[in-house]
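J.:
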Amino acid sequence: RKEVEQDPGPFNVPEGATVAFNCTYSNSASQSFFWYRQDCRKEPKLLMSVYSSGNEDGRFTAQLNRASQYISLLIRDSKLSDSATYLCVVTPHSQAGTALIFGKGTTLSVSS
Amino acid sequence: EAQVTQNPRYLITVTGKKLTVTCSQNMNHEYMSWYRQDPGLGLRQIYYSMNVEVTDKGDVPEGYKVSRKEKRNFPLILESPSPNQTSLYFCASATGGGWNEKLFFGSGTQLSVL
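First to last, the protein sequences are chains A and B. The opening residue of the first sequence carries number 1 in the working numbering; numbering runs sequentially from there. The opening residue of the second sequence carries number 113 in the working numbering; numbering runs sequentially from there.
#1: Please name the residues in the segment 175 to 188 of chain B whose beta-carbon is closer than 7 Å to at least one beta-carbon of chain A, in chain order.
#2: Determine the direct distance from the alpha carbon of P8 of chain A to that of Y159 of chain B, and round the result to whole angstroms.
#3: For V172 of chain B, which residues from the same chain have a beta carbon less than 8 Å from its beta carbon, with the 5 sequence-adjacent residues on both sides left out?
#4: Got a sec? Which residues, its chain only, sit under 6 Å from E191 of chain B by beta carbon, not counting five neighbours each side?
#5: What do you get for V166 of chain B, buried or exposed, if any count of 16 or more other CB atoms within 10 angstroms of its CB means buried?
#6: Reducing DSSP to helix, strand and coil, say where P195 of chain B ends up.
#7: Counting beta carbon pairs with one atom in the segment 103 to 110 of chain A and one in the segment 72 to 87 of chain A, are three or more of them shorter than 8 Å?
#8: Would you decide whether A20 of chain A is buried or exposed? Buried here means 16 or more other CB atoms lie within 10 Å of its CB.
#9: Helix, strand or coil: which one does DSSP assign to S72 of chain A?
#10: Which residues does DSSP pair with G102 of chain A in a beta bridge?
#11: Relative to the C-alpha of P195 of chain B, which residue among B:L226, B:E113, B:L188, B:N138 is closest?
#12: Mind listing the chain B neighbours of E43 of chain A? Cutoff is C-beta to C-beta under 7 Å, in chain order.
#13: Quick check: what's the CA-CA separation for P193 of chain B versus P44 of chain A?
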């Protein structure tokens, strides 16, 4: 089983749609979880951290399910500008310097 | 402005010709790291550094060298580039250990080795 797995998509949705991505991770001791956004050929940028209790930032909601070892990202009321690749990032454990593990990304395309 | 600066943005070279990609951050971050990104493979870590004079291998270190003589700079060195090192490279930095902190990425270097 790969360490961090994401459905590559693409997810093609109309403006205003709600879309959800999941990301599974293999190491049950994983400590930190993030969603990054990457536009084509540009640098990834942190979208949001994922907390155990779940967290929301405007139209974006992130959830963590430790029992099933996955994190999710929900985007409500999709905008054209949400079109990008969304990277799931996991830290295997709490040791400082540990390499972050990036998923390969899920591509979202929002159309008018 | 807080940023990570990578240079050059694009680089075309030939097999075996040594090159250096520079990376500099102005945020006084302890942690710096290099990644390469390839289609279908995602972002893979090459090397990282926890602080000055402290470097360690990531997932794909073969064919690369790094140094961390100053806190702000973390150059990536390809002593003898080969075509399989053609890739999009990103430098990143973070405070603390990097494992639970926001990563700040440079704008990337597209390297082509002919």
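Using N, Cα and C, we set each Cβ at its ideal position, and we do this for glycine too.
T.: Answer, in terms of the structure:
#1: Correct list: empty, as no residue qualifies.
#2: Working through the second sequence from its first residue, we reach residue 159 of chain B at position 47. Working through the first sequence from its first residue, we reach residue 8 of chain A at position 8. Taking the straight line from one Cα to the other gives about 26 Å.
#3: Numbered from its first residue, the second sequence carries residue 172 of chain B at position 60. Within the same chain, and ignoring the five residues on either side of V172 of chain B in sequence, the residues whose Cβ sits closer than 8 Å to its Cβ are R148, R156, Q157, I158.
#4: As a working mapping, residue 191 of chain B is identified with position 79 in the second sequence. Excluding sequence neighbours, E191 of chain B sits near K130.
#5: Here residue 166 of chain B corresponds to residue number 54 of the second sequence, with the count starting at 1. By the neighbour-count rule (16 or more Cβ atoms within 10 Å), V166 of chain B is not buried but exposed.
#6: Start at 1 with the first residue of the second sequence, and residue 195 of chain B comes out as number 83. The DSSP-derived three-state label of P195 of chain B is helix.
#7: Short answer: they touch.
#8: Translated into positions along the first sequence, residue 20 of chain A becomes position 20. By the beta-carbon neighbour count (other beta carbons within 10 angstroms, threshold 16), A20 of chain A is exposed.
#9: Indexing the first sequence from 1 puts residue 72 of chain A at position 72. Of the three classes helix, strand and coil, the one that applies to S72 of chain A here is strand, per DSSP.
#10: In the first sequence, the residue the question calls residue 102 of chain A occupies position 102. Looking at the sequence itself, residue 102 of chain A is Phe, so the reference to Gly does not match. Paired residues: A:V89.
#11: Taking the first residue of the second sequence as position 1, residue 195 of chain B is located at position 83. Nearest option by C-alpha distance: B:L226.
#12: Counting from one through the first sequence, the residue named residue 43 of chain A turns up at place 43. Around E43 of chain A, the beta-carbon contacts reaching into chain B at under 7 Å are F202, F217, G218, S219, G220.
#13: Mapped onto the second sequence, residue 193 of chain B falls at position 81. Mapped onto the first sequence, residue 44 of chain A falls at position 44. Distance between the alpha carbons of P193 of chain B and P44 of chain A is about 25 Å.
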